[in-house]
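Using full-length UniProt numbering, the letters of the sequence shown correspond one by one to residues 1 to 147. All C-beta atoms in this analysis are idealised placements derived from N, C-alpha and C, irrespective of residue type, glycine included. These numbers were taken from a predicted model, which means no experiment stands behind them.
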Amino acid sequence: MSGSKKARAAARLAAVQALYQFDMEGTLMATLLDEFHRHRLGMEIDDEQFAKADVAFFDDVVKGAIARREDIDAAVSAKLASGWSLERLDKTMLQILRAGTYELMARPDVPTGAVITEYVDVAHAFFDEREAKFVNGVLDAVAKAVR
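As structure tokens, this is what we get:
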């Protein structure tokens with residue numbers, strides 16, 4: 001994986017974590033971004049070196065997913081199976097879908113396949129194969145609707 005591709009992958013993983021924190025704790029945007037810039041992006045934690053993240057890309061995904069949350073949630077809700085709602089989704093899963101949907105809606109510079117593959121990879125960091133396939137299916141359906 002090239003350096004810039006790794007940097008974007010690291011940015012996506014961090015963006016999902018930041019969106020989760022925003023959702024759970026209501027951290028103010030400026031505080032949230034500052035905390036991630038200073039303490040999380042590309043830092044060493046417990047002797048584990050995290051990949052350098054593309055900070056501008058991280059900022060765009062976090063700010064964009066929060067700013068467009070209503071549109072994003074409507075797009076995701078429309079693609080959930082009957083009987084499912086955003087409220088029923090695992091909180092981390094919801095942030096993965098929000099970040100991926102934001103990219104599909106707002107980042108035409110990123111190919112559809114790359115967005116889906118990257119967020120399936122993020123899902124693997126938190127979940128088993130079944131949930132990763134769920135991310136793939138929902139983002140694929142969203143992509144068909146918004147691109």
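Nearest-angstrom Cβ-Cβ length linking residue i and residue j, presumed shorter than 8 Å
{"i": "L28", "j": "A99", "result": "In fact, because the Cβ distance is near 19 Å, the residues do not count as touching under 8 Å."}
{"i": "V142", "j": "A75", "result": "5 Å"}
{"i": "V61", "j": "Y102", "result": "6 Å"}
{"i": "D71", "j": "L86", "result": "Rounded, the Cβ-Cβ distance is 13 Å, inconsistent with contact."}
{"i": "G64", "j": "A114", "result": "With 8 Å as the limit, G64 and A114 do not qualify as a contact, their Cβ atoms being about 17 Å apart."}
{"i": "I96", "j": "V16", "result": "5 Å"}
Helix, strand or coil at residue i [DSSP, three-state]
{"i": "L28", "result": "coil"}
{"i": "L13", "result": "helix"}
{"i": "G64", "result": "helix"}
{"i": "G83", "result": "coil"}
{"i": "L97", "result": "helix"}
{"i": "S77", "result": "helix"}
{"i": "K52", "result": "coil"}
{"i": "R8", "result": "helix"}
{"i": "R107", "result": "coil"}
{"i": "L139", "result": "helix"}
{"i": "R88", "result": "helix"}
{"i": "L41", "result": "coil"}
Beta-carbon spacing of residue i, residue j below 9 Å
{"i": "L139", "j": "L94", "result": "no"}
{"i": "F57", "j": "A125", "result": "no"}
Reference residue i; option with closest CA among the options
{"i": "R69", "options": "G113, D90, K6 and F22", "result": "F22"}
{"i": "A30", "options": "D59, A106 and K5", "result": "D59"}
{"i": "K5", "options": "R130, G137 and V110", "result": "V110"}
{"i": "M24", "options": "S77, K91 and L41", "result": "K91"}
Practice task
Could you tell me whether the segment 53-66 touches the segment 4-14, where touching means 3 or more Cβ pairs closer than 8 Å?
Solution key: With three or more CB-CB distances shorter than 8 Å, the segment 53-66 counts as touching the segment 4-14.
Practice task
Evaluate contact between the segment 107-121 and the segment 78-85, counting only Cβ atoms and requiring at least three cross-stretch pairs below 8 Å.
Solution key: By the C-beta criterion, the segment 107-121 is judged not to be in contact with the segment 78-85, since fewer than 3 inter-stretch pairs fall below 8 Å.
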